[in-house]
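Under the numbering used here, the first residue of the sequence shown is numbered -13, with each subsequent residue one higher. Don't be surprised by glycine CBs; every beta carbon is placed ideally from N, CA and C. Just so it is clear, the structure is predicted and the values come from calculations on it, not from any experiment.
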Amino acid sequence: MDNPLVLVIALPLAVAFLNLFLPSLLRKALILVGIVLSLLMIRGFFNTPPPAFELLGSVALALDKLSLLALTFIHVLSLIIFVFCLKGLDAGTEKQFLVLYPLTVAFSSGTVLSGHALGFLVFWGLSGLTLYGFALLGRGENASATAKKTFMLVGGSDAFLIMGLALMAMKSGWSLVGARTPLNDPAGWLAFIFLLMAALAKAGGFPLHTWVPDFSRDAPVESAAFLPASLDKLLGIYLITRMMAGSFEVGFFLRMVIVTLGAVTVITAVMMAMVQHNGRRLLGYHAVSQVGYMIMGVASGSALAFAGGLFHLLNNTLYKSNLYLALGSVEKRAGTNELDDLGGLAKAMPVTFVMALIGALSISGIPPFNGFFSKWMIYQGLLEKASGLAPGYALWLLVCLVLAVFGSALTLASFMKFLHAVFLGQRPERLAGVKEAPANQWLATGTLAFLCVGFGLFAREIPLRMFVLPAAEEAGMAPAAFLGLYSPRLVLLFFALAFVLGLVVFLLSRKTRYDEVYLGGNSPAEAFRVSGTEFYKEITEMRPFKAIYRGAEKKTFDIYDLGSRATLGLSRVLQKAHAGQLQVYVLFILFGVVLFMILAG
């Protein structure tokens, strides 16, 4: 049991157990020490990969380049986000939080290291239970309903994971190391579809995404940054990447369908984000939208887009957790995350504002930040792929590309609203005494913002060379070359020159007197304050969006509510079939066995 792969999982498990009995200060110290020790072990894996861990004659744990990428960022993000948690946790739920946190790290690590389908299933399911546990820690009036919804969508999707892994095992065995399942019969197709549904639910992809905005709103903000923004994205996209580049023989048409699903995820989620009035729900929809870019990249079949999809996964965990934590700092100082009740906090919280600004520019794909580089790789890969296709397929792929680019533009528009509503404009009177976030919080957001800048300026030298390209090469998807010319440091130089030129013009121009906003010669009442939340209200009144938005408000398209209604209807039908006769039940069982045997071939 001295295998390093076992220790990476066992260490946070031991921390979680000890935290059941330790006081608060020791709990936090133990989590920090545990994550740092794990990171030191993982650092050694880059030079000397550990041997696989075998149990009962099967490979239970194994490490390759893709799992090393995921494992590294699970621990890096866990460390940074936990720095934010050192001060400001809800005292009423702090103990539960500090037990669930290392458990999640352990189960997530076990998921990406599993070399056997049963181990993968166990760790994946346990990580879903900790997600449910974090949802239960929410304090809002909808927290209980959100926890139930999260459990039903994410936990319920584990049933599809079980069926998918079982069908895959019948085709290629229980080992996940080197397994490759052909899609040449119903069993193979169903295995792929079931696993894809489980991955979409975990990552928050359309149409199994609806738990993410609700979880973001009602769960502790630290857990929103920790799970839907970071670890759950890593796990969900990790599974999709395995499916597309190793576990299944995926044909071109199926890849096109999944790319289309990614494009739909991008555009639908960002359209919902634009009209949100709750800051956390806005970030939740953007967490969903970014999944679409990753899916498009890893599913496209283009080596360059594949690498871009993996790079975008890493970038998303950085800027998205940064944005959640920045809003969390504001929420803890202002007492609300409703955009209508915020504003003008840039002067009171300048450090938090700068960190949020960097996160907003990164997620919007503005050069030279990291989000632009990964999106640029995906766009290049899709264009390269389209150039070699028949006209009909090329047009199909280009439409998906246009939707993705348009979604990026709408993301920028949405974050203009977000930044204005929270940090710019007129500050409400009740927020006059708001102060900057404590040092641990801006240290966490500052580290994430620094990585957003660093991964943008030195993308080729650090994240691509160390993490992304080795994983892509091992999967047989190493890009031959980059198309076009893009130098992030040159872009930064041009931006700096433009800024300096604008500053000089401003200083040399006629002096402008700045004054408070006034109305009819008098200071405006609080009711006339422009919060910015109505920037894009007109969209909700335009056809055909008006009907769509109203349907979304009534949860007409929410798969959880649709499933609930369908389940209730089915239960009424089944009630009539339950006649209390043993012969009928035996017939049901036989029918199920025959159906399973037919599907299994």
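(Q) If you measure between the beta carbons of N308 and G278, is that distance less than 8 Å? (A) Numbered from its first residue, the sequence shown carries residue 308 at position 322. Numbered from its first residue, the sequence shown carries residue 278 at position 292. Result no, Cβ atoms of N308 and G278 do not sit closer than 8 Å.
Q) Is H102 helix, strand or coil by DSSP? A) Numbered from its first residue, the sequence shown carries residue 102 at position 116. Three-state result, H102: strand.
Q) Helix, strand or coil: how does DSSP classify P(-10) here? A) Here residue -10 is taken as the residue at index 4 of the sequence shown, counted from 1. P(-10) falls in the helix class under three-state DSSP.
Q. Given a threshold of 16 other Cβ atoms within 10 Å of its Cβ, counted over all protein chains shown, does T542 qualify as buried or as exposed?
A. By one-based count along the sequence shown, residue 542 stands at place 556. T542 should be labelled exposed.
Q.
Can you tell me whether G248 is buried or exposed? The criterion is at least 16 other CB atoms within 10 Å of its CB, across all chains shown.
A. For the purposes of this step, residue 248 is taken as residue 262 along the sequence shown, with counting starting at 1. Looking at its Cβ environment, which holds 16 or more other Cβ atoms inside 10 Å, G248 is buried.
Q: Give the range of the beta strand (DSSP E) segment to which E460 is assigned.
A: Indexing the sequence shown from 1 puts residue 460 at position 474. Counting along the chain, E460 falls outside any beta strand (DSSP E), though it belongs to the alpha helix (DSSP H) covering 455 to 460.
**Q.** Simplified DSSP assignment, three categories, for E235
**A.** For the purposes of this step, residue 235 is identified with residue 249 of the sequence shown, where counting begins at 1. DSSP places E235 in strand when its eight states are reduced to three.
Q. Exposed or buried, G321, counting other C-beta atoms within 10 Å across all chains shown (16 or more means buried)?
A. Translated into the one-based positions of the sequence shown, residue 321 becomes position 335. Exposed, since its Cβ has fewer than 16 Cβ neighbours within 10 Å.
Q: Take L63 as the anchor and find which of L434, V570, A484 has the nearest alpha-carbon.
A: Reading the sequence shown from its first residue, position 77 is the one you call residue 63. It is L434 whose Cα lies nearest to the Cα of L63.
Q. Could you give the distance in angstroms between the alpha-carbon of L384 and the alpha-carbon of L290?
A. Here residue 384 is taken as the residue at index 398 of the sequence shown, counted from 1. Here residue 290 is taken as the residue at index 304 of the sequence shown, counted from 1. Distance between the alpha carbons of L384 and L290 is about 16 Å.
Q: Take V391 and list the residues in its own chain whose beta-carbon comes closer than 8 Å to its own, dropping the five residues that flank it on each side.
A: To locate residue 391, count along the sequence shown from 1; it is residue 405. Contacts found: Y365.
**Q.** Separation of D547 from G330, as counted between CA atoms
**A.** Mapped onto the sequence shown, residue 330 falls at position 344. Mapped onto the sequence shown, residue 547 falls at position 561. Approximately 38 Å, taken between the alpha carbons.
Q | Nearest candidate by alpha-carbon position, reference V(-8), set L49, S233, R446, W175 | A | Counted from its first residue, the sequence shown places residue -8 at position 6. For V(-8), the nearest C-alpha among the options comes from L49.
Q) Taking just the CA atoms, how far does L117 sit from V45? A) On the sequence shown, residue 45 is found 59 positions in, with the first residue counted as 1. On the sequence shown, residue 117 is found 131 positions in, with the first residue counted as 1. So the two alpha carbons sit approximately 27 Å from each other.
**Q.** Length of the line joining the Cα atoms of W428 and A293
**A.** Stepping through the sequence shown from its first residue, residue 428 is reached at position 442. Stepping through the sequence shown from its first residue, residue 293 is reached at position 307. Rounded to whole angstroms, W428 to A293 spans 31 Å at the Cα level.
Q. In three-state terms, what does DSSP make of E415?
A. Locating residue 415 in the sequence shown gives position 429, counting from the first residue. Helix at E415.
Q: Look at V252 and L55 and say whether their C-beta atoms are less than 8 Å apart.
A: Position 266 of the sequence shown holds residue 252. Position 69 of the sequence shown holds residue 55. No; because the gap between Cβ atoms is not below 8 Å, this pair is not in contact.
Q) Hey, quick one: how far does the alpha helix (DSSP H) through E527 stretch, first residue to last? A) The residue given as residue 527 occupies position 541 in the sequence shown. Element bounds for E527: n/a, residue is neither H nor E.
Q | Beta-ladder partner(s) of S350, from DSSP | A | Your numbering for residue 350 matches position 364 in the sequence shown. DSSP lists no partner for S350.
Q.
Determine whether the beta carbon atoms of L313 and G265 lie at a separation below 8 Å.
A. Counting from 1 along the sequence shown, the entry for residue 313 is found at position 327. Counting from 1 along the sequence shown, the entry for residue 265 is found at position 279. Yes, the pair counts as a contact, with Cβ atoms nearer than the cut-off.
**Q.** Separation of R319 from V284, as counted between CA atoms
**A.** Position 298 of the sequence shown, counted from the start, is the residue given in the question as residue 284. Position 333 of the sequence shown, counted from the start, is the residue given in the question as residue 319. Going by the C-alpha atoms only, they are around 40 Å apart.
Q: Look at the Cβ atom of W175, then the Cβ atom of H102, and state whether they are nearer than 8 Å.
A: Within the sequence shown, numbered from 1, the residue matching residue 175 stands at position 189. Within the sequence shown, numbered from 1, the residue matching residue 102 stands at position 116. Not in contact: W175 and H102 (Cβ atoms no closer than 8 Å).
Q) Which one or two residues does DSSP pair with T167 in a beta bridge? A) Taking the first residue of the sequence shown as 1, we reach residue 167 at position 181. F234, per the DSSP bridge assignment.
Q. So who's on the other strand from F39, going by DSSP bridges?
A. Counting from one through the sequence shown, the residue named residue 39 turns up at place 53. Paired residues: L47.
**Q.** Rounded straight-line distance, which links the Cα of F359 to that of S275
**A.** The count along the sequence shown starts at 1 and reaches residue 275 at position 289. The count along the sequence shown starts at 1 and reaches residue 359 at position 373. A direct Cα-Cα distance of roughly 17 Å separates S275 from F359.
Q) Does the count of Cβ pairs from the stretch 191 to 206 and the stretch 124 to 142 closer than 8 Å reach three? A) yes
Q) When the Cα atoms are used, what is the spatial distance from F201 to T136? A) Position 215 of the sequence shown, counted from the first residue, corresponds to residue 201. Position 150 of the sequence shown, counted from the first residue, corresponds to residue 136. Approximately 7 Å between the Cα atoms of the pair.
Q) Alpha carbon to alpha carbon, what distance is there between A458 and Y224? A) Locating residue 224 in the sequence shown gives position 238, where the first residue counts as 1. Locating residue 458 in the sequence shown gives position 472, where the first residue counts as 1. Looking at the two C-alpha atoms, the distance is approximately 12 Å.
Q. Mind checking whether A461 and L52 have CB atoms under 8 Å apart?
A. On the sequence shown, position 475 is the one that residue 461 refers to. On the sequence shown, position 66 is the one that residue 52 refers to. Yes, they are a contact pair.
Q) So L41 packs on S113, CB below 8 Å; how close in whole Å? A) Here residue 41 corresponds to residue number 55 of the sequence shown, with the count starting at 1. Here residue 113 corresponds to residue number 127 of the sequence shown, with the count starting at 1. That belief does not hold up - the Cβ atoms of L41 and S113 are roughly 20 Å apart, past 8 Å.
Q: May I ask you to report which of helix, strand or coil DSSP gives S373?
A: Your numbering for residue 373 matches position 387 in the sequence shown. S373 falls in the helix class under three-state DSSP.
Q: Would you be able to state if there are at least three C-beta pairs under 8 Å between the stretch 438 to 449 and the stretch 75 to 84?
A: no
**Q.** G190: first and last residue of the uninterrupted alpha helix (DSSP H) it sits in
**A.** Start at 1 with the first residue of the sequence shown, and residue 190 comes out as number 204. Neither: G190 is in no alpha helix (DSSP H) and is coded neither H nor E.
Q.
Suppose you measure from the CA of P530 to the CA of V250; what does that come to, to the nearest Å?
A. Stepping through the sequence shown from its first residue, residue 530 is reached at position 544. Stepping through the sequence shown from its first residue, residue 250 is reached at position 264. If you take the alpha carbons of P530 and V250, they lie about 16 Å apart.
Q: Name, in chain order, the residues that DSSP records as bridge partners for S161.
A: Here the question's residue 161 lines up with position 175 in the sequence shown. In the DSSP output, where bridge partners are listed per residue, S161 has H102.
Q) Per DSSP, E80 is paired with what? A) Sequence index remark: in the sequence shown, residue 80 carries index 94 (1-based). None, per the DSSP bridge assignment.
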